[in-house]
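Residue numbers (the numbering used here), protein chains in the order written: chain A, 42 to 242; chain B, 598 to 866.
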């Protein structure tokens, strides 16, 4: 046993080296794969960065709401004031503004939403996007046409952004889902800012 | 025997190579096919795509006595088709020829595949008021501020962002960019078309102060040719609903559209 073949030892060393390389490669792959998985895996709820719940706890003062309807000629948005309880939460103030918009104008102006519409849910993220979930009536009862759709969308966006400073843009949802259009014409797939289709002013 | 084995292997390799080549060519054609090449300033207006709005279960706007937008738009489109084919000798393609529902994406795809040179979408509209609101034409004016929603972008499907996605600026698939940007290089010519439609409808249907206007019209984004949308007026207005029941009024509207095509053709001849 002591007299080991001179050709055997180097062979064994080469094999040891190869095994070591394979072990290192496997380690590298495991670490790299783990890092990749950690980077690409969806964020669980607990890890969601900025907690949106904070928005609902904050409050906005002010006893007036400005609700935007449309002129009888349908060429301008017209504001009407409504009284509202002070110290509402941001979400409640936004919902109150939308309820007034659905209720319709009291003066010489036209409504912009069907009277049957209800707001199912409203959520504001940390980027200032309000996700507003409307009932199906918003599209089903809408009178239709590109101009009417534009007036509806602008009055909602204007009313929300004017009364709730936290809201910078609005993402429309209908029955909990994103929609392509309200009634077949205008693109509402993404969040909409007050500068969108900035006419009538 | 050896040479037979080599021959069989060679034949097998040839088949694989040919299949791979066909696959690559096919995918390339499928992903990047441009049914009609951009024709800025091209005088050859030969194919007109007319798009009668709505249809099937989608009635569109409804008049006080029940006249439906989907029937009006088909009637006007068919009459405009007859005039354009008969007097301008141009080929007309309709995105629907009966009361069937055709999704917006399908209409855009049909127009692009037909190799259209002009696209005119025909609509009427509704209103929360019964006040008169006359015809108006529109072209695409996509908002600059809103991020472009992309079909294959997880954000467009409402899926949560992945860690680091915003920082890395995940590149959207090329195909969705091509589809979403189809109208971009035709925006100027689309405005010319919309103004021509507004002018000729005014000549046929009477004074209307409104001008052609840009709006974020979803379907027009996907149209790869000069494109405009005609709104004939508010069906909620009982008087206008009555006019649209009159065949002569429908013919005048169709004539305005045909004349606008003729004017556009002359402009780029």
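Note that beta-carbon positions come from the ideal geometry of N, C-alpha and C, so glycine has one too.
Partner residues on chain B for residue 113 (chain A), Cβ-Cβ distance less than 7 Å: Under the 7 Å cutoff, chain B gives 726 and 728.
Short-range partners of chain B found in the region 206-226 of chain A, where Cβ spacing is below 7 Å: Here the close residues are 219, 221, 222, 225 and 226.
Contacting residues, own chain, Cβ-Cβ under 8 Å from residue 237 (chain A) (five flanking each side not counted): The residues are 194, 195 and 198.
Cβ-Cβ separation, residue 817 (chain B) to residue 707 (chain B) (assumed contact under 8 Å), whole Å: About 14 Å separates the two Cβ atoms, so there is no contact after all.
CA-to-CA distance, residue 213 (chain A) to residue 181 (chain A), given in whole angstroms: Straight-line Cα distance between these residues: approximately 15 Å.
Where residue 735 (chain B) meets chain A, residues with beta-carbon distance less than 7 Å: Close to residue 735 (chain B), with beta-carbon spacing below 7 Å, are these residues of chain A in chain order: 187.
Proximity below 8 Å, CB of residue 718 (chain B) to CB of residue 648 (chain B): In contact: residue 718 (chain B) and residue 648 (chain B) (Cβ atoms closer than 8 Å).
Contact under 8 Å by Cβ, residue 722 (chain B) with residue 186 (chain A): The answer is yes: Cβ separation under 8 Å.
Segment contact, 8 Å Cβ cut-off, at least three pairs: the region 841-858 of chain B with the region 664-674 of chain B: Two segments are said to touch when three or more pairs of C-beta atoms, one from each, lie closer than 8 Å; by this definition the region 841-858 of chain B touches the region 664-674 of chain B.
Three or more C-beta pairs below 8 Å linking the region 682-692 of chain B and the region 855-864 of chain B: Segments in contact, yes.
Sub-8 Å separation of residue 716 (chain B) and residue 830 (chain B) beta-carbons: Not closer than 8 Å, so no.
Simplified DSSP state of residue 855 (chain B), which is helix, strand or coil: Here residue 855 (chain B) sits in helix by DSSP.
Three-state secondary structure assigned by DSSP to residue 191 (chain A): Here residue 191 (chain A) sits in helix by DSSP.
Interface residues of chain A facing residue 648 (chain B) [CB-CB closer than 7 Å]: Within chain A, no residue comes near residue 648 (chain B); the closest Cβ sits about 12 Å away, beyond 7 Å.
Amino acids of chain A, ordered along the chain, whose beta-carbon sits closer than 7 Å to that of residue 658 (chain B): For residue 658 (chain B), the chain A residues whose Cβ falls inside 7 Å of its Cβ are 184, 185 and 186, in order along the chain.
Beta-carbon neighbours of residue 151 (chain A), restricted to chain B and to distances below 9 Å: By Cβ distance, chain B contributes 724, 725, 726 and 728.
Below-8 Å beta-carbon distance, residue 238 (chain A) vs any chain B residue: Yes, its Cβ sits closer than 8 Å to a Cβ of chain B.
Assigned exposure category for residue 825 (chain B) - 16 Cβ within 10 Å defines buried: The Cβ neighbour count for residue 825 (chain B), taken over all protein chains shown within 10 Å, is at least 16; the residue is labelled buried.
Secondary structure of residue 649 (chain B), DSSP reduced to three states: In the structure shown, residue 649 (chain B) sits in a strand (DSSP, three-state: E or B).
C-alpha distance - residue 661 (chain B) paired with residue 774 (chain B), whole-angstrom precision: Going by C-alpha positions, residue 661 (chain B) is about 42 Å away from residue 774 (chain B).
Anticipated Cβ contact below 8 Å, residue 192 (chain A) with residue 814 (chain B), distance rounded: About 15 Å separates the two Cβ atoms, so there is no contact after all.
Local Cβ density within 10 Å of residue 61 (chain A), reported as buried at 16 or more and exposed below that: It is exposed - the Cβ of residue 61 (chain A) has fewer than 16 other Cβ atoms within 10 Å.
For residue 779 (chain B), the three-state DSSP class (helix, strand or coil): DSSP places residue 779 (chain B) in coil when its eight states are reduced to three.
Nearest-angstrom Cα separation, counted from residue 170 (chain A) out to residue 788 (chain B): Each residue's Cα considered, the two are about 32 Å apart.
Residue 865 (chain B) in three-state terms, based on DSSP: The DSSP-derived three-state label of residue 865 (chain B) is coil.
Supposed contact pair residue 141 (chain A) and residue 106 (chain A) - C-beta distance, whole angstroms, cut 8 Å: Rounded, the Cβ-Cβ distance is 6 Å, consistent with contact.
Residues in the region 818-845 of chain B having any Cβ partner in chain A nearer than 8 Å: Answer set for the region 818-845 of chain B: 818, 826, 828, 831 and 833.
Endpoints, alpha helix (DSSP H) assigned at residue 839 (chain B): That run of the alpha helix (DSSP H) goes 835-841.
Beta-carbon spacing of residue 725 (chain B), residue 153 (chain A) below 8 Å: In this structure, residue 153 (chain A) lies closer than 8 Å to residue 725 (chain B) by Cβ.
Residue 670 (chain B) - containing beta strand (DSSP E), residue span: Following the DSSP letters along the chain, one finds residue 670 (chain B) in no beta strand (DSSP E) but inside the alpha helix (DSSP H) bounded by residues 666-680.
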